[in-house]
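Following: one structure in structure tokens, then a few remarks.
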Amino acid sequence: MRQFVTAIALTLALVSPLPAQEAQIENQIRSQIQAFKADDFVTAFGFASPTIQNLFRTPENFGVMVRRGYPMVWRPSEVRFLELREIAGYQWQKVMITDSDGSVHILDYQMVNQEGVWKINGVQILDAGGETA
């Protein structure tokens, strides 16, 4: 009986939607960063949740905020995805970004699912950087 239960648990783990969800979240963040690198703030704005879009109103306002407040996201030299966690009903994706000067920054992206599509609902800088890779 124990082997049967173990086999069922293993099977469920293998077909879990978590890896697909993680891939979708990473893809959304990566795609937004690619849009930033191309200075395509209209496309980048589309990856933001309705809450963020309402806050900034226009892609231009959003672009100004990103360039001033998150320059490491606007012009990263390297992006590495760390752990994905669920906190208070939200998915939080931790991302390590190395900027063009070689400083390392740890950011936490809050993700929300809007009608089957993951949207970025906010970003927190966990480590202001200063370390070089």
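Count the sequence shown with mature numbering (1 follows the signal peptide of the UniProt record, and there is no 0) and you get residues -22 to -1, 1 to 111, in order. Each residue gets a CB set at the ideal place from its N, CA and C atoms; glycine is no exception.
Anticipated Cβ contact below 8 Å, residue i with residue j, distance rounded
i   : j   : result
I11 : V51 : 6 Å
For residue i, the nearest candidate out of the options (CA to CA)
i   : options            : result
V82 : N91, V90, M89, K72 : K72
I98 : D17, F25, N5       : F25
A13 : P(-4), F40, Q92    : F40
N5  : L33, G67, V57      : V57
T21 : T29, S9, A1        : S9
Cβ-based neighbour list, residue i, same chain, cut-off 8 Å, excluding 5 preceding and 5 following
i           : result
P54         : I11, K15, I75, T76, D77, S78
V101        : Y48, V51, L85, D86, Y87, Q88
residue 115 : Since the first residue shown for the chain is -22 and the last is 111, residue 115 is missing from the structure and cannot be characterised.
V(-18)      : Bear in mind that the predicted position of V(-18) carries a pLDDT of just 49, short of 50, making it too unreliable to give a figure here.
For residue i, the residue or residues it bridges with in DSSP
i   : result
G41 : In DSSP, G41 forms no bridge with anything.
W96 : N91
E56 : T76
R46 : Partner(s): none; R46 has no beta bridge.
Any non-hydrogen atom of the ligand ZN within 7 Å of residue i CB
i   : result
S27 : With respect to small molecules bound, the structure shown includes none, and the ligand ZN cannot be examined in it.
Separation of residue j from residue i, as counted between CA atoms
i   : j     : result
Q31 : L60   : 26 Å
I65 : A(-3) : 19 Å
Q92 : F23   : 15 Å
V42 : T36   : 10 Å
Cβ neighbours of residue i in the same chain (closer than 6 Å, five flanking residues each side left out)
i    : result
L104 : I84, D86
Beta-carbon proximity list for residue i, same chain, < 7 Å, skipping 5 on both sides
i  : result
I3 : L62, Q69, Q71, M89, W96
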